[in-house]
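Step one of this worksheet: look at the structure below.
There are 2 protein chains.
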Amino acid sequence: MATDRTHRPATSTRSRGIPEATVARLPVYLRALTALSERSVPTVSSEELASAAGVNSAKLRKDFSYLGSYGTRGVGYDVEYLVYQISRELGLTQDWPVVIVGIGNLGAALANYGGFASRGFRVAALIDADPAMAGRPVAGIPVQHTDALEKIISDNGVSIGVIATPAGSAQQVCDRLVQAGVTSILNFAPTVLSVPEGVDVRKVDLSIELQILAFHEQRKAGEDILPEGVIPDDETEPPVAPPADTVTKRPDPGSDGDRPAVMPA
Amino acid sequence: MATDRTHRPATSTRSRGIPEATVARLPVYLRALTALSERSVPTVSSEELASAAGVNSAKLRKDFSYLGSYGTRGVGYDVEYLVYQISRELGLTQDWPVVIVGIGNLGAALANYGGFASRGFRVAALIDADPAMAGRPVAGIPVQHTDALEKIISDNGVSIGVIATPAGSAQQVCDRLVQAGVTSILNFAPTVLSVPEGVDVRKVDLSIELQILAFHEQRKAGEDILPEGVIPDDETEPPVAPPADTVTKRPDPGSDGDRPAVMPA
DNA sequence: GCCTGTGAATCGCTTCACAGCA
DNA sequence: TGCTGTGAAGCGATTCACAGGC
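One line per chain: the protein sequences are S and L, in this order. Read in full-length UniProt numbering, the first sequence has 117 at position 117, and its numbers run on one by one without any break. Read in full-length UniProt numbering, the second sequence has 58 at position 58, and its numbers run on one by one without any break.
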C-alpha cells in the first residue's frame, strides 16, 4: 500500500534488503515485546510471540531471520535484546521530529495521541492555515501559521510530516513540505499525493477501511441467504446493463436496487 | 494486512472471487471516479484513471476485469457507470449503520469526519464508558453510556463497529460488540484483537505507520553518508546484553551506519 | 489506430518441513 | 528434546505483451 508513488524497482539498498512486508510487521512485534518486557518476561518462543502479535510462528521466524540470528535454539528469543535490535532496525533509537499540518479534529487528535512520543517521535510543531488558530495551544503546543512552514521544517530538521488537512489543500501542503526538505509523509487527507522520487508517502484513509469492511460484510449477508450455492455465476452477463453503446448510458439498478446509485464525495 | 485474525484459508465465495488486493483498491478508484463525475467527465481511459488513482494502468485494467467487462475498447470506461458498479460491488448502495466506541480525541474526530456519511455509512451511535460524557453531544450525536451497548447494536441492526478506546479496554469492548452481533470491526486501539471465526477486523495504527516511515527515512540518511559502502568492522556492543550467556552471534553488526542517538559507539 | 481484456511470465510473500544446534 | 533458522515449495499479486474489438 504505502510508498505507492512512481515505483521503486529496488532502489539502491540492495544490501540488507528487508522485505517491505516484514518491515510493516516489525512495529507489531515491537509492541508485543515491549509488553512482555514490562512484565519482566525474560525470553519468549516464536510461537508465543507470534500468537501475541497475531501472526503465525513460521512467518515471525522468517521475519527475524532477515534481521539476523537473534534467537537461541531450544530456548527462544531474549526479550530485551530483541526489543533493542528491532528498535534499532526501525530507526527508533533516534529522535524523529515531526510536524502535523492541519489542526482540525483529526490533527488535534493526532497531536494528543500518546503513541507518538512513546516511540521516537516528537511533535516539533503544529501548523494550520487558519490565522485564528495561531498561538492557540493544542496538546500543549502552540499552533503556528502555515506561513512559517518552511522555517519550522528547516529550524527543526524535520524530515517527517503528517498531513491532516482537507483534501483540497493536501497536495499544496505536500509540495511545500517536500520543497522544505521533508522526505516522508503520512497522509490522512483523502487524496492521492504526487511526490518526487525519493519521497515516501503512506496513506491512512478512514473511509477506505470502512469500505473494505463493507465489502466483506455484504458478502457475509449474501452467504446467509445462499449458504454456498452462490448465484449461477454471472461472469458473463453483468447484472446491470453493460456499458451502453457509446456515450449515453445510465446505471440502471437492476439488481438489489437499494437506493440511487451515485453517491457524493 | 487486514483481516488478520485466525487465518482464512479461502473461505467460501469460490465464485466471483475478487482478490483482496483488488478490493482494497476499489475505494481509491471510486474516489477518483467520483471526482471525475463531479466535473462531468463522461469517459476515462485506464491510463488516465490509473494516474489519478496512483497505480499503473495494467493493474487497474486487471482489477476491473474481475468485476466484469465494463469498458469499451478504443474508448475507455464510462465514468457514471463505473461509479455505480464499484459502489454496488463494495456494498455502498446500501446504508451501513456504525457505532463508534470510545469518544476521546480520536473518537470525536471520527464522529466529525465527513467521509463516513458521504459514503454509505451512518453513525448510529457514539458510546463511551465515562458517565460524564453521557448525553453530551458530539458532532450532533449524543454520547451514550457503554451499558447500553448491546441494546444499541441490536436496535439499530449495527454490524460494523469502530473501536477508538484506549488499548486496555479494546478487547473487552470488542468482545461485547461481537457478542451483540457486530461482525466487522475497525480498530484504532494499539492492540491485537482476537475475534471468533467470521468476524473481520481491520486495524489502523498511527504509530505503526510512522515507524515504517522512520525505517525508510533512516535508510535514506544512511545512504547519504554511505553511498553503498558498509562499514566492515563495527564491534558496536548493543546497550542491552546480548542473548544471555550464549555466544555473541549477531550476524552482521550495524552494516549500515547507525545514527547512535541513544547508543554507544 | 486506439484502448480494453487477459493469458503467461514474473515477482514477492507465505508456508512447509526439516536440518542444525543448544 | 525443543525451538530456531532456512531452503524449497506454494500461492497470490503484479507486470508484460498482445489478441480482440471499437
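Even for Gly, the Cβ is constructed at its ideal location relative to N, Cα and C.
To which residues of the same chain is residue 72/L closer than 6 Å at the C-beta, ignoring the five residues directly before and after it?
Working through the second sequence from its first residue, we reach residue 72/L at position 72. Closer than 6 Å at the Cβ level, and outside the excluded window around residue 72/L, lies no residue.
Considering only their Cβ atoms, is the gap separating residue 99/S from residue 152/S smaller than 8 Å?
Numbered from its first residue, the first sequence carries residue 152/S at position 152. Numbered from its first residue, the first sequence carries residue 99/S at position 99. Going by C-beta atoms, residue 152/S is nearer than 8 Å to residue 99/S.
Per the DSSP calculation, residue 121/S is bridged to which residue(s)?
As a first step, residue 121/S must be located in the first sequence, where it is residue number 121. Answer is 96/S, bridged to residue 121/S.
Counting beta carbon pairs with one atom in the stretch 100–108 of chain L and one in the stretch 27–46 of chain L, are three or more of them shorter than 8 Å?
no
Output yes if chain L places a C-beta closer than 8 Å to the C-beta of residue 216/S; else output no.
The residue labelled residue 216/S in the question sits at position 216 within the first sequence. Cβ-Cβ to chain L under 8 Å: yes for residue 216/S.
Taking the C-alpha atoms as reference points, what is the distance between residue 17/S and residue 66/S?
On the first sequence, residue 17/S is found 17 positions in, with the first residue counted as 1. On the first sequence, residue 66/S is found 66 positions in, with the first residue counted as 1. The straight-line gap from Cα to Cα measures roughly 8 Å.
Is DSSP giving residue 146/S helix, strand or coil here?
Reading the first sequence from its first residue, position 146 is the one you call residue 146/S. In the structure shown, residue 146/S sits in a helix (DSSP, three-state: H, G or I).
Output, in sequence order along the chain, the residues in the stretch 156–168 of chain S whose CB is closer than 7 Å to any CB in chain L.
159 and 160
What does DSSP give as the partner residue(s) for residue 202/S in the beta ladder?
Position 202 of the first sequence, counted from the start, is the residue given in the question as residue 202/S. 186/S, per the DSSP bridge assignment.
State yes or no: is the beta carbon of residue 171/S nearer than 8 Å to at least one beta carbon in chain L?
The residue given as residue 171/S occupies position 171 in the first sequence. Residue 171/S does not count as touching chain L.
Which residues DSSP lists as bridging residue 78/L, in chain order
Numbered from 1 along the second sequence, position 78 holds the residue referred to as residue 78/L. Answer is 43/L, bridged to residue 78/L.
Taking the beta carbon of residue 50/L as the centre, do at least 16 other beta carbons fall within 10 Å, making it buried, or is it exposed?
Taking the first residue of the second sequence as 1, we reach residue 50/L at position 50. By the 10 Å Cβ count, residue 50/L comes out buried.
Got a sec: which bits of the stretch 195–217 of chain L sit with their beta carbon under 7 Å from any beta carbon on chain S, in order along the chain?
200, 202, 204, 206, 207, 208, 209, 210, 211, 212, 213, 214, 215, 216 and 217
For residue 25/S, count neighbouring Cβ atoms within 10 angstroms of its own Cβ and tell me buried if that reaches 16, exposed if not.
Taking the first residue of the first sequence as position 1, residue 25/S is located at position 25. Per the 10 Å Cβ criterion, buried.
Minimum Cβ-Cβ distance from residue 238/L to chain S less than 8 Å:
As a working mapping, residue 238/L is identified with position 238 in the second sequence. Per-residue confidence for residue 238/L stands at a pLDDT of 46, beneath the threshold of 50, marking its modelled position as unreliable; the derived number appears in the next sentence. Answer yes: the Cβ-Cβ gap between residue 238/L and chain S drops below 8 Å somewhere.
Partners in chain L for residue 190/S, counting only beta-carbon separations shorter than 9 Å:
Translated into the one-based positions of the first sequence, residue 190/S becomes position 190. What residue 190/S touches in chain L: 31 and 115.
Measure from the C-beta of residue 54/S to each C-beta in chain L and report whether the shortest distance is under 8 Å.
Position 54 of the first sequence, counted from the first residue, corresponds to residue 54/S. Output row for residue 54/S: interface = yes.
Applying a beta-carbon distance threshold of less than 9 Å, which residues of chain L neighbour residue 220/S?
The residue given as residue 220/S occupies position 220 in the first sequence. Within chain L, the residues near residue 220/S are 159, 183, 184, 198 and 200.
Could you spell out the range, first to last residue, of the beta strand (DSSP E) harbouring residue 161/S?
Along the first sequence, read from residue 1 onward, the residue named residue 161/S stands at position 161. Note, residue 161/S: beta strand (DSSP E), 160–163.
Given a cut-off of 8 Å on the beta-carbon distance, is the pair residue 82/S and residue 126/S in contact?
In the first sequence, counting from the first residue as 1, residue 82/S sits at position 82. In the first sequence, counting from the first residue as 1, residue 126/S sits at position 126. Not a contact, by the Cβ cut-off of 8 Å.
Leaving out the 5 sequence neighbours to the left and right, which residues in its chain are closer than 6 Å to residue 92/L when beta-carbon positions are compared?
The sequence position of residue 92/L within the second sequence is 92, counting from 1. For residue 92/L, where only same-chain residues beyond five positions count, the Cβ hits under 6 Å are 119 and 120.
So, helix, strand or coil for residue 175/L, using DSSP?
As a position in the second sequence, residue 175/L is number 175, starting the count at 1. Correct three-state label for residue 175/L: helix.
Cβ shell of residue 116/L (< 8 Å), same chain only, five flanking positions each side left out:
Within the second sequence, residue 116/L is the residue found at index 116, counting from 1. The residues are 98, 110, 122 and 123.
Can you tell me whether residue 137/S is helix, strand or coil according to DSSP?
For the purposes of this step, residue 137/S is taken as the residue at position 137 of the first sequence. Strand at residue 137/S.
Taking Cβ-Cβ distances below 9 Å as the criterion, which residues of the stretch 119–138 of chain S are in contact with chain L?
119, 120 and 121
Among the residues of its own chain, which have a CB less than 7 Å from the CB of residue 80/L, if the five just before and after it don't count?
Stepping through the second sequence from its first residue, residue 80/L is reached at position 80. For residue 80/L, where only same-chain residues beyond five positions count, the Cβ hits under 7 Å are 37.
Decide if residue 235/L is buried, meaning its Cβ has at least 16 other Cβ atoms within 10 Å, or exposed.
Position 235 of the second sequence holds residue 235/L. In this prediction, residue 235/L scores a pLDDT of 34, lower than 50, which makes its location untrustworthy; the coordinate-derived value is nonetheless stated afterwards. Classification of residue 235/L: exposed, given that the 10 Å Cβ count is below 16.
Between residue 27/L and chain S, is any beta-carbon pair separated by less than 8 Å?
Here residue 27/L is taken as the residue at index 27 of the second sequence, counted from 1. Yes - at least one Cβ of chain S is within 8 Å of the one on residue 27/L.
Can you give me the Cβ contacts of residue 134/S inside the same chain, cut-off strictly under 7 Å, excluding the 5 residues immediately before and after it?
Counting from one through the first sequence, the residue named residue 134/S turns up at place 134. For residue 134/S, where only same-chain residues beyond five positions count, the Cβ hits under 7 Å are 143, 144 and 145.
I need the DSSP call for residue 193/S, collapsed to helix, strand or coil.
Walking along the first sequence from the start, residue 193/S turns up at place 193. The answer is coil: DSSP assigns residue 193/S none of H, G, I, E or B.
Compare the C-beta of residue 91/S against all C-beta atoms of chain L and say whether one is closer than 8 Å.
Start at 1 with the first residue of the first sequence, and residue 91/S comes out as number 91. Chain L, which has a Cβ nearer than 8 Å to the Cβ of residue 91/S, makes this yes.
Using 8 Å as the threshold, is the C-beta distance between residue 214/L and residue 177/S below it?
As a position in the second sequence, residue 214/L is number 214, starting the count at 1. As a position in the first sequence, residue 177/S is number 177, starting the count at 1. In this structure, residue 177/S does not lie closer than 8 Å to residue 214/L by Cβ.
Starting from residue 72/S, follow its DSSP beta bridges and name the residues at the other end.
Stepping through the first sequence from its first residue, residue 72/S is reached at position 72. DSSP output for residue 72/S lists 76/S as bridge partner(s).
Tell me, which residues are paired with residue 101/S by DSSP?
Locating residue 101/S in the first sequence gives position 101, counting from the first residue. Per DSSP, 127/S and 163/S.
What three-state label does DSSP hand residue 18/S in the structure shown?
Residue numbering aside, residue 18/S sits at position 18 when the first sequence is read from its first letter. Looking at residue 18/S - three-state DSSP - the assignment turns out to be coil, as it is neither helix nor strand.
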